[in-house]
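Following: one structure in structure tokens, then a few remarks.
Numbering (this note's numbering), first residue to last: -11 to 183.
Right, here's the structure in full:
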């Protein structure tokens, strides 16, 4: 059972990190280095919440779960994601570092590095836009991605553009549940996509 963490957009800091699957070919005797992109690159977020009352902090207790994945709504401060419509994957079996979707609000603009989530077979996969893109007047959007698709999505899989979510295992920071002199707790954790 996947656990859903509280949604918070104020008083939270996040540090995204790309866990890359690429490999580098480094010649033993000098020469140019080459990089080979491969499927499998994914993300993790280091999350730090502002100090809060104990009861509020305990709403985040699911980060301690050792067996289940959690879903975390990714804050995008300063980015108004507007109303993207109901984006869906347009055509199954897509591969590579692009995704074509339909059901997007006509002329909806995605900004470079904006987060998005594709839900395939009930699992969330996070990606980031490689460049700005604008949906056509018919609501079709071809979006270049920073990383390759990890699994081929099915036709009509949901795409979360307005409020992307990360699904993965959580690891609480050491001292995450420490109570300070004001009787407040500032939970911190890392969530890493599982695949």
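All C-beta atoms, glycine included, are put in the ideal place defined by N, C-alpha and C.
Since we're looking at a predicted model, the values are computed, not measured.
What's the call for residue i, buried or exposed, on a 16-neighbour Cβ count within 10 Å?
i, result
"residue 57", "buried"
"residue 125", "exposed"
"residue -7", "buried"
"residue 6", "exposed"
"residue 67", "exposed"
"residue 73", "buried"
"residue 30", "buried"
So, for residue i: in the same chain, excluding its five sequence neighbours on each side, which residues have a beta-carbon less than 6 Å away from its beta-carbon?
i, result
"residue 69", "150"
"residue 119", "100, 132"
"residue 102", "117"
For residue i, list the residues DSSP reports as bridge partners.
i, result
"residue 165", "DSSP lists no partner for residue 165."
"residue 136", "Looking at the DSSP assignment, residue 136 forms no beta bridge with any residue, so it has no partner."
"residue 32", "5, 180"
"residue 108", "111"
"residue 22", "13"
"residue 103", "116"
"residue -3", "In DSSP, residue -3 forms no bridge with anything."
"residue 77", "89"
"residue 160", "177"
"residue 121", "98"
"residue 59", "-8, 155"
"residue 27", "For residue 27, which the question treats as bridged, DSSP gives no partner whatsoever."
Rounded to the nearest angstrom, what separates residue i and residue j at their Cα positions?
i, j, result
"residue 136", "residue 170", "46 Å"
"residue 93", "residue 122", "10 Å"
"residue 41", "residue -3", "17 Å"
"residue 141", "residue 175", "34 Å"
"residue 71", "residue 64", "15 Å"
"residue 111", "residue 49", "22 Å"
"residue 148", "residue 156", "16 Å"
"residue 104", "residue 61", "11 Å"
"residue 84", "residue 154", "20 Å"
"residue 146", "residue 36", "29 Å"
Which same chain residues, not among the five before or five after residue i, have their C-beta less than 8 Å away from its C-beta?
i, result
"residue 79", "88, 143"
"residue 26", "9, 10, 11, 136"
"residue 32", "4, 5, 7, 156, 178, 179, 180, 181"
Leaving out the 5 sequence neighbours to the left and right, which residues in its chain are closer than 7 Å to residue i when beta-carbon positions are compared?
i, result
"residue 23", "10, 12"
"residue -11", "56"
My guess is that residue i and residue j are in contact by the Cβ rule of under 8 Å, so how many angstroms apart are they, rounded?
i, j, result
"residue 173", "residue 179", "Their Cβ separation, rounded to whole angstroms, is 18 Å, which puts residue 173 and residue 179 out of contact at 8 Å."
"residue 160", "residue 177", "5 Å"
"residue 158", "residue 51", "4 Å"
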